[in-house]
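This report concerns only the one structure given below.
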Amino acid sequence: MKTQFDINELIDAGKIENELDFERALIADRKLRVLSKDDASYKIRRKKLRDLIEQYENQNWSSDSKISENKIKESDSAEMIAEKERQFIQKRKELIRKSLKSLNLTQQDFGRILGHQSKSYISELMNGISPFSLKDLIVIHQLLKIDLAHLVPTFLPESDRVRIQTSIKKLNNPKLKLREDGLVLS
Numbered sequence: 001m002k003t004q005f006d007i008n009e010l011i012d013a014g015k016i017e018n019e020l021d022f023e024r025a026l027i028a029d030r031k032l033r034v035l036s037k038d039d040a041s042y043k044i045r046r047k048k049l050r051d052l053i054e055q056y057e058n059q060n061w062s063s064d065s066k067i068s069e070n071k072i073k074e075s076d077s078a079e080m081i082a083e084k085e086r087q088f089i090q091k092r093k094e095l096i097r098k099s100l101k102s103l104n105l106t107q108q109d110f111g112r113i114l115g116h117q118s119k120s121y122i123s124e125l126m127n128g129i130s131p132f133s134l135k136d137l138i139v140i141h142q143l144l145k146i147d148l149a150h151l152v153p154t155f156l157p158e159s160d161r162v163r164i165q166t167s168i169k170k171l172n173n174p175k176l177k178l179r180e181d182g183l184v185l186s
């Protein structure tokens, strides 16, 4: 089960498919820029990501492409979701670091506990470059006593929210209701 966006999957796919992945790629680019200052191996991945960003921009946001109101709304929504995800990852990172510090554990010790030997990979996990596995999150929850709500994002993309709301309406089950703010970003 994936708990967040995976930059490596996007790069392997060789194409950005939608506005949300575009916004996520922009955030990932900034993170990779910072990480590449300490580890040159990130420069290659960042270059590939920047190429995909440029390709998407040229195809979808150039002066030649038709930019509709719906496209702008989709972009605004994607930007909001990606920013919420970024804030979530940042808060999760801070909670994990605080817990590690209180236990006198280093990030490298933490990696060993999770079964990850590479210091750079732990950095990728902590910074949201690569996603934590569900197993990692369970270990973090149990070991560091961090509430799962702070480890697993609980917000859904617009397309999923609309699909779920539509399905619930079609079921017409009076016992199954959403709050007024049901399935909105938290």
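Residue numbering for the sequence shown follows UniProt numbering, starting at 1 and increasing by one per position. For each residue, glycine too, the CB sits at the ideal point set by N, CA and C.
Q. Within 10 angstroms of its Cβ, does D21 collect 16 or more other Cβ (buried), or is it exposed?
A. It counts as buried.
Q: Look up I146 in the DSSP assignment and say whether it is helix, strand or coil.
A: I146: coil per DSSP, three-state reduction.
Q. DSSP on N173, reduced to helix/strand/coil?
A. Looking at N173 - three-state DSSP - the assignment turns out to be coil, as it is neither helix nor strand.
Q: For P174, count neighbouring Cβ atoms within 10 angstroms of its own Cβ and tell me buried if that reaches 16, exposed if not.
A: Looking at its Cβ environment, which holds fewer than 16 other Cβ atoms inside 10 Å, P174 is exposed.
Q: Could you say which of I138, R33, K91 and R112 lies nearest to K47 if we only look at CA atoms?
A: Nearest in C-alpha terms to K47, of all of I138, R33, K91 and R112, is R33.
Q) Where does I7 sit, in a helix, a strand or coil, going by DSSP? A) It is helical.
Q.
Relative to the C-alpha of E85, which candidate in R163, K145 and A28 has its C-alpha closest?
A. Looking only at R163, K145 and A28, the smallest Cα-Cα distance to E85 is reached by A28.
Q | A25 beta carbon less than 8 Å from that of L35 | A | Cβ atoms of L35 and A25: not closer than 8 Å.
Q: Tell me, please, whether the CB atom of A40 is closer than 8 Å to any CB atom in chain C?
A: Among the chains in the structure shown there is no chain C, since it carries only a single protein chain.
Q) Relative to the C-alpha of P153, which residue among Q87, Y56 and S99 is closest? A) Closest by C-alpha distance to P153, out of Q87, Y56 and S99, is Q87.
Q.
Buried or exposed, going by whether 16 or more other CB atoms sit within 10 Å of the CB of residue 230?
A. Missing from the structure shown is residue 230; the chain here goes from 1 to 186 and no further.
**Q.** Which of helix, strand or coil DSSP assigns to F132
**A.** F132 carries a coil assignment under DSSP once its states are collapsed to helix, strand and coil.
Q. Since K119 contacts G111 with CB under 8 Å, what's their CB separation in whole angstroms?
A. Under the criterion of beta carbons closer than 8 Å, K119 and G111 qualify as touching, at roughly 7 Å.
**Q.** Closest Cα partner of Q59 within the set E94, I16 and L95
**A.** Minimum Cα distance to Q59 is reached at I16.
Q.
Along the chain, where does the alpha helix (DSSP H) containing A28 start, and where does it finish?
A. E19 to D38 is the extent of the alpha helix (DSSP H) around A28.
Q) Which same chain residues, not among the five before or five after N8, have their C-beta less than 7 Å away from its C-beta? A) Excluding five sequence positions before and after N8, the CB atoms of its chain that fall closer than 7 Å to its own CB belong to S130, given in chain order.
(Q) Rounded to whole angstroms, what is the Cα-Cα separation between A82 and D39? (A) Near 25 Å, if we compare the C-alpha coordinates of D39 and A82.
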